[in-house]
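**Q**
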Amino acid sequence: MDENANIVTLLNSAPLLDMSGNPVHAHGGHMLYKDGYYYWFGENRMDRRRVNCYRSVDLVNWEWRNDVLTLDSPVQPIYHRTTLELEPLDREGRQTGAVIERPKVLYNKLTGRFVMWMHWENGRDYSDARCAIADCGTVDGDYVYRGSFNPIGNMSRDCTLFQDDDGTAYFISAARENADLIMYRLSPDYLSIEEQVKTLWPGQAREAPALMKRQGVYFLISSACTGWLPNQGTYAWSEELFGRWSPLLPLGDITTYDSQPAFIVPIVGTDNDQCSYLYVGDRWDPADYYASSYVFLPLSFPSDREMKLDWAERTVIDLRKGIVAVECGSGSGLFRLKSLGMGIYLAAGNQSIEHEETLNVEVRTLSYEDQQQRWTVEYGEKGRARIRNNVKVLSIGSLNSLLLEPIRDNEDQFIWLLTETEAGSLTIGSNDGRVLTVAGEQRGGWGCVFLESKRCHDPRLGADPQLF
1304 MDENANIVTL
1314 LNSAPLLDMS
1324 GNPVHAHGGH
1334 MLYKDGYYYW
1344 FGENRMDRRR
1354 VNCYRSVDLV
1364 NWEWRNDVLT
1374 LDSPVQPIYH
1384 RTTLELEPLD
1394 REGRQTGAVI
1404 ERPKVLYNKL
1414 TGRFVMWMHW
1424 ENGRDYSDAR
1434 CAIADCGTVD
1444 GDYVYRGSFN
1454 PIGNMSRDCT
1464 LFQDDDGTAY
1474 FISAARENAD
1484 LIMYRLSPDY
1494 LSIEEQVKTL
1504 WPGQAREAPA
1514 LMKRQGVYFL
1524 ISSACTGWLP
1534 NQGTYAWSEE
1544 LFGRWSPLLP
1554 LGDITTYDSQ
1564 PAFIVPIVGT
1574 DNDQCSYLYV
1584 GDRWDPADYY
1594 ASSYVFLPLS
1604 FPSDREMKLD
1614 WAERTVIDLR
1624 KGIVAVECGS
1634 GSGLFRLKSL
1644 GMGIYLAAGN
1654 QSIEHEETLN
1664 VEVRTLSYED
1674 QQQRWTVEYG
1684 EKGRARIRNN
1694 VKVLSIGSLN
1704 SLLLEPIRDN
1714 EDQFIWLLTE
1724 TEAGSLTIGS
1734 NDGRVLTVAG
1744 EQRGGWGCVF
1754 LESKRCHDPR
1764 LGADPQLF
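When you line the sequence shown up against my numbering, it's residues 1304 to 1771, in that order.
The structure is reproduced here in structure tokens:
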């Protein structure tokens, strides 16, 4: 057998299409390995669909299998406290399709059924904050909707499922307006809550949880709550699932490489028992949900209690040996410059009125399709940097303004000093000691960027407008 046939490459910079050429709709989802296939469940908000299922033998070529949960799925309650609403009425009596997010599926060996837990909302807002359940006798069949409810009276938003080595299953979801992550032990059939066993990091506002176990140590990854915008991911570890957990530790870069955790896939070699772990994240597009994409990155473990997430243009998987490796391409040198204070991004703008060959510098909301938000940082002598957008270079205009001028082959454009703070953010300073500063929303736009003297920021006033 050809060794190379078992080595596959996942691209993190290209749209993901199924084997019929259609975009893969499986956001916020989960993967389950069964009988030689990886089954990928995830959100599909097109028409009356709610949860899709795809399958693949190699994690690259995905075959669409079924709309496993729709607004027309069969319903059967588990007990009297669940509601079977899939099309709740709004205040005017009109039907609104329920929103289903973060569907997760486990196989129950005792019952022989596949059980799905998910986040349920009414289609108008996020006020209901319920979990919901569905199950099926086949992995990619038509799931029976069992209803939604508030677990032990708690709110329940972003969620995940975890199956321990002894077959016990746990449901974890965000509660108390996302302030807490609560862990519940499920009943033996996985169809109800048996007990609330742990509140994780109360008041820390975590969402998008994903839980795994490696060599007797549990790891839980999560994100902060910033809507559709990416943020610094974290992980924590514990030797006991509902014992004491470590503090939250940073995972990946300051935006988790423009992604939010969806789930973790164990990759077990077909020729041995070696196991690697693959992080799968959603790259939400705030401008267009349906243009959102995915990130596939290897998780590494420098020690038994450390987790690391590195960027890769391409993630390479040896399916026989269970090895996940990385390849970094030219795109790794491109960055976005995000104002931490305002949550907006620097971008090349229109032609400047100062000079015909120069461009203005603007601030915009995040768009992954906007190449004017992509910057290259090149370092010269004495740590000074040139910040470039394609063939234009970030320079200083009049009256503390900024502009982009044509690139020149000399050191005169290496005028910026990027200084990292203890928290991992940056200040971007000029040769004369001034720093880039972003002001808030202005009339007719999202704000502006300019130079001003470095100042000591009072955190009681909110985020620092001089940090990136």
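We treat Cβ as the ideally placed atom computed from N, Cα and C, and that holds for glycine.
Please give me, in chain order, every unbroken run of the beta strand (DSSP E) with length at least 3 that falls completely inside the stretch 1408-1462.
**A** 1416-1424, 1433-1439 and 1447-1452
**Q** Where does residue 1271 sit, in a helix, a strand or coil, going by DSSP?
**A** Summary: the structure shown does not reach residue 1271, with the chain confined to residues 1304 through 1771, and so no result is reported for it.
**Q** Output yes or no for whether 8 angstroms exceeds the beta carbon distance between residue 1400 and residue 1362.
**A** no
**Q** For residue 1553 and residue 1563, I'd like the C-alpha separation in whole angstroms.
**A** If I take the Cα positions, the gap works out to 13 angstroms.
**Q** Determine the burial state of residue 1431: buried for a count of at least 16 other Cβ atoms within 10 Å of its Cβ, exposed for fewer.
**A** buried
**Q** Buried or exposed for residue 1500, please, with buried defined as at least 16 other CB atoms from any protein chain shown within 10 angstroms of its CB.
**A** exposed
**Q** One question on the structure: do residue 1440 and residue 1415 come within less than 8 angstroms of each other, judged by their Cβ atoms?
**A** yes
**Q** Tell me, which residues are paired with residue 1626 by DSSP?
**A** Looking at the DSSP assignment, residue 1626 forms a beta bridge with 1621.
**Q** Confirm, please, whether the CB-CB distance from residue 1642 to residue 1680 is below 8 angstroms.
**A** no
**Q** In the DSSP assignment, the beta strand (DSSP E) including residue 1601 goes from what residue to what residue?
**A** 1596-1603
**Q** Taking 8 angstroms as the limit between beta carbons, can you name the residues of its chain near residue 1351, skipping five residues before and five after?
**A** 1373, 1374, 1375 and 1400
**Q** State the Cα-Cα distance for the pair residue 1614 and residue 1638, rounded to the nearest angstrom.
**A** 12 angstroms
**Q** Could you tell me the alpha carbon to alpha carbon distance between residue 1359 and residue 1693, rounded to whole angstroms?
**A** 38 angstroms
**Q** Going by beta-carbon coordinates alone, are residue 1617 and residue 1309 separated by less than 8 angstroms?
**A** Their beta carbons are not under 8 angstroms apart, which means residue 1617 does not touch residue 1309 by this criterion.
**Q** Pick from 1698, 1688 and 1454: whose alpha carbon is nearest that of residue 1721?
**A** 1688
**Q** Using the Cβ count rule (16 or more neighbours within 10 Å means buried), how would you classify residue 1405?
**A** buried
**Q** Could you tell me which uninterrupted beta strand (DSSP E) segments, each at least 3 residues in length, are contained entirely in the stretch 1645-1708, listed from first to last along the chain?
**A** Counting whole runs of 3 or more residues, the stretch 1645-1708 contains the beta strand (DSSP E) stretches 1648-1654, 1662-1667, 1678-1682, 1688-1692 and 1695-1699.
**Q** So, for residue 1364: in the same chain, excluding its five sequence neighbours on each side, which residues have a beta-carbon less than 7 angstroms away from its beta-carbon?
**A** 1322
**Q** So residue 1486 is in the beta strand (DSSP E); what residue range does that whole segment cover?
**A** Its beta strand (DSSP E) spans residues 1483-1489.
**Q** Report yes or no: do the stretch 1329-1346 and the stretch 1386-1395 share at least 3 C-beta pairs separated by less than 8 angstroms?
**A** no
**Q** Taking the C-alpha atoms as reference points, what is the distance between residue 1566 and residue 1341?
**A** Those two C-alpha atoms are separated by around 13 angstroms.
**Q** Tell me which same chain residues have a C-beta within less than 8 angstroms of the C-beta of residue 1594, skipping the five on either side of it?
**A** For residue 1594, where only same-chain residues beyond five positions count, the Cβ hits under 8 angstroms are 1588, 1671 and 1672.
**Q** Assuming residue 1600 contacts residue 1560 under a Cβ cut-off of 8 angstroms, what Cβ separation, rounded to an integer in Å, is found between them?
**A** 7 angstroms
**Q** Of the choices 1648, 1661 and 1678, whose alpha-carbon is the least far from that of residue 1669?
**A** Distance from the Cα of residue 1669 is smallest, within the candidate group 1648, 1661 and 1678, for 1648.
**Q** Using the rule of at least 16 other Cβ atoms within 10 Å of the residue's Cβ for burial, across every protein chain shown, is residue 1422 buried or exposed?
**A** buried
**Q** Determine the burial state of residue 1305: buried for a count of at least 16 other Cβ atoms within 10 Å of its Cβ, exposed for fewer.
**A** Interpretation of residue 1305 is limited by its pLDDT of 48, a score under 50 that renders its predicted location unreliable; the figure taken from the coordinates is listed afterwards. With fewer than 16 other Cβ atoms within 10 Å, it is exposed.
**Q** On the three-state DSSP scale, how would you describe residue 1633?
**A** Below a pLDDT of 50, predicted positions are generally treated as unreliable, and residue 1633, at 43, falls in that range; the measurement from the model is reported next regardless. If DSSP states are grouped into helix, strand and coil, residue 1633 belongs with the helices.
**Q** I believe residue 1730 touches residue 1738 by the beta-carbon criterion, under 8 angstroms. Please report the beta-carbon distance rounded to the nearest angstrom.
**A** Their Cβ separation, rounded to whole angstroms, is 5 angstroms, which keeps residue 1730 and residue 1738 in contact under 8 angstroms.
**Q** Tell me which same chain residues have a C-beta within less than 6 angstroms of the C-beta of residue 1389, skipping the five on either side of it?
**A** 1374 and 1401
**Q** Could you give the first and the last residue of the continuous beta strand (DSSP E) run that contains residue 1345?
**A** Annotation for residue 1345: the continuous beta strand (DSSP E) segment containing it runs 1340-1346.
**Q** When we look at the beta-carbon of residue 1591 and count the other beta-carbons within 10 Å, is it buried (16 or more) or exposed?
**A** Only exposed fits residue 1591, as fewer than 16 other CB atoms lie within 10 angstroms of its CB.
**Q** Let me confirm a value: residue 1571 is counted as buried when at least 16 other C-beta atoms fall within 10 Å, else exposed. Which label applies?
**A** exposed
**Q** Would you decide whether residue 1764 is buried or exposed? Buried here means 16 or more other CB atoms lie within 10 Å of its CB.
**A** exposed
**Q** Compare the C-alpha of residue 1354 against each of 1605, 1661, 1420 and 1735 and name the closest.
**A** The shortest Cα separation from residue 1354 among 1605, 1661, 1420 and 1735 belongs to 1420.
**Q** Report yes or no: do the stretch 1513-1523 and the stretch 1534-1546 share at least 3 C-beta pairs separated by less than 8 angstroms?
**A** yes
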